[in-house]
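First up is the structure itself, then whatever we jot down about it.
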Amino acid sequence: MTKTVNRKPAKANGRTTNDADTKRTAKSSKKRSSHFQEGNLPQKSIVGIGTIILVIAAVLVGFHVVPAFRMPFKDRALQEGSASSKERKVNTQANGVEKKGSTTKSKGMYAQDLPKEFQNFKLSVQSKLSMKNIKENNHQMKIHELKHENSKSHVHAYVVENFLSENECNSLAMVHRAHVSELKKQVPIICFDSVKSFREYLKDAMLKIKVSQSDFTKGTTCVNETFSAKLQAHFKWSFSTAFYPGESKFSTIFAQRIQRATGLKLENGGKFQITSYPKDVGYKNHTDCLVNHGEKRDRFATILVYLRDVEEGGETKFPQLGISVKPRMGLALIWNSMNSKGECDPTSIHNAAKVVKGHKFIIQRWYYYHNFPSLGRRPEEPRLPPRTANQPRVSCDEYEQGSCRWYDEWNYDHLLDYTANLQNLI
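For the sequence shown, the UniProt record's numbering gives the first residue as 1, with consecutive numbering after it.
As structure tokens, then:
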């Protein structure tokens, strides 16, 4: 039997944002962080050369599916970027209440002072999948359930052929590759789950290097650019780029199509993440939610669409359900990771098999059991570690439960202050 392991949080931003153990440990707190930093507060977009390339690509394709990938970088302190709804609560104490008969307000925070996403927030619960056949561009999309015989599982998995057209798949893959190619001109900053994981990755790469906490840059679990450059040739990783609701016409079209076919609500959806896997790269066993944690603001369901056929390897496998799906262009795979009560189902554990021949491309989106104000909003980026504008990161999860992945955006999982105080932030 495959050992159940948990995802270190999509990271979310996406992030990887993956799992936690049954006990509430510092690691589990770190892993859940990117669930809630998918967008703390919206920020202004800074247009770089990579964005210009993507615009040109969109013109060449001549189709509206090309997402508006942005490469924002804002030099802001951690406390400015990691504020949560709890931190921004209205002060109802004496110093925040207007005295009767007085026209002068005290310095406390009032509801009207909160950002609009907090003022207008309405809780939405996503507790089930409602699958149905739909028609798109005169093409009938039929749902096929993937049966399994695990009586202890609440997981339901489905596939839909041609959920994205060939043109849509090709456009998304092309833009992703152009964006990655542009950002790969810079050395990515490599971050690790911990020193222990760092050592395991070095061992796996057959590098005899002694490391300690002092090798991380101040306040982080990331190594500096010089050290990252030395490791780059010895590590393998997948590549993820993200775009957010409202940043392109396609994001709206895609989200509405998903809702019609699956019942997954627009307001419970997070970012859209395109990921590519080169040869010999996959992703280890993980769940998309936190097992035995009780957090409702977690990933209830996942939709994953393959953008390319893969000649060999690259399957999405559910070892406890006996399900294996081979990548085929346009094929959508949908499953729930939580039950109707919002409890993470450990039998939803899955992995991405290594690509043996070819190159794998997917687009995926996570839907949360409980939504939250910052869900689906592009987050502010942290000040640490020191880096140049638009410099990518590589996040290496806990060794036994994850893999390394390259990202075009930064979250807070690598910041020591953030992970240490996570219980107070959420």
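We put the beta carbon where it would ideally sit given N, CA and C, even for glycine.
Cut-off 6 Å between Cβ atoms - residues of its own chain near residue i, not counting five sequence neighbours on either side
i: SER127; result: SER340
i: GLY219; result: LEU384, LEU416
i: LYS86; result: Because LYS86 carries a pLDDT of 34, less than 50, the predicted location of this residue cannot be relied on, and the following value inherits that uncertainty. Excluding sequence neighbours, LYS86 sits near nothing in its chain.
i: THR241; result: PHE69, HIS176, HIS179, ILE274, ASP408
i: HIS414; result: CYS191, THR220, THR221, CYS222
Beta strand (DSSP E) segment containing residue i, residue limits
i: CYS404; result: 404–407
i: ALA332; result: 332–336
i: PHE300; result: 299–306
i: ALA352; result: 350–352
i: TYR244; result: First-last for TYR244: undefined, no H or E at that position.
i: THR419; result: Careful: THR419 lies outside any beta strand (DSSP E), inside the alpha helix (DSSP H) at 416–420.
i: PHE121; result: Per DSSP, PHE121 belongs to no beta strand (DSSP E) and is neither H nor E.
i: GLY314; result: Note, GLY314: premise wrong, no beta strand (DSSP E); not H, not E.
i: PHE272; result: 269–277
i: HIS286; result: 283–286
i: ARG393; result: 393–396
i: SER324; result: 323–325
i: MET141; result: 139–141
Residue i vs residue j beta-carbon contact at 8 Å
i: SER238; j: THR275; result: yes
i: PRO188; j: VAL394; result: yes
i: PRO382; j: TRP410; result: yes
i: ASN336; j: HIS156; result: yes
i: ALA261; j: VAL160; result: yes
i: VAL211; j: THR217; result: no
i: TYR244; j: ARG365; result: no
i: ASP280; j: LYS236; result: yes
i: GLY330; j: CYS169; result: yes
i: PHE272; j: ILE363; result: yes
i: PHE282; j: LYS203; result: With the sequence shown as reference, residue 282 is identified as Gly, and Phe is not the correct amino acid for it. No, they are not a contact pair.
i: LEU129; j: GLY263; result: yes
i: ASP298; j: TYR367; result: no
i: ALA420; j: PHE163; result: no
i: ASN371; j: GLU267; result: yes
i: GLY342; j: GLY270; result: no
Same chain, Cβ closer than 7 Å to residue i, five either side skipped, listed in chain order
i: LYS265; result: SER124, GLN126, GLN259
i: HIS234; result: ALA205, LEU207
i: SER324; result: GLU315, LYS317
i: PRO392; result: LEU183, GLN186, PRO188, TRP406, TYR407, ASP408
i: GLU225; result: VAL187, ILE189
i: ARG199; result: VAL211
i: ALA77; result: Unreliable positioning characterises ALA77 in this predicted model, as indicated by a pLDDT of 27, which lies under 50. A coordinate reading is not provided.
Host alpha helix (DSSP H) of residue i (start-end)
i: LYS135; result: Looking at the DSSP string, LYS135 is not in any alpha helix (DSSP H); the run it does join, the beta strand (DSSP E), is 134–136.
i: THR259; result: Sequence inspection shows Gln at residue 259; the Thr mentioned does not correspond to that position. Note, GLN259: alpha helix (DSSP H), 249–262.
i: GLN232; result: 225–232
Contact set for residue i: own chain, Cβ-Cβ below 8 Å, skip 5 residues either direction
i: GLU311; result: VAL356, LYS357, GLY358
i: GLY246; result: THR252
Counting beta carbon pairs with one atom in the segment 113–126 and one in the segment 147–155, are three or more of them shorter than 8 Å? no
Kindly provide the ranges of any beta strand (DSSP E) runs that are 3 or more residues long and lie completely inside the segment 145–221, ordered along the chain. 157–160, 189–192
Counting Cβ pairs, one atom from each stretch, are 3 or more of them under 8 Å apart for the segment 225–236 and the segment 248–261? no
Segment contact, 8 Å Cβ cut-off, at least three pairs: the segment 297–308 with the segment 138–148: no
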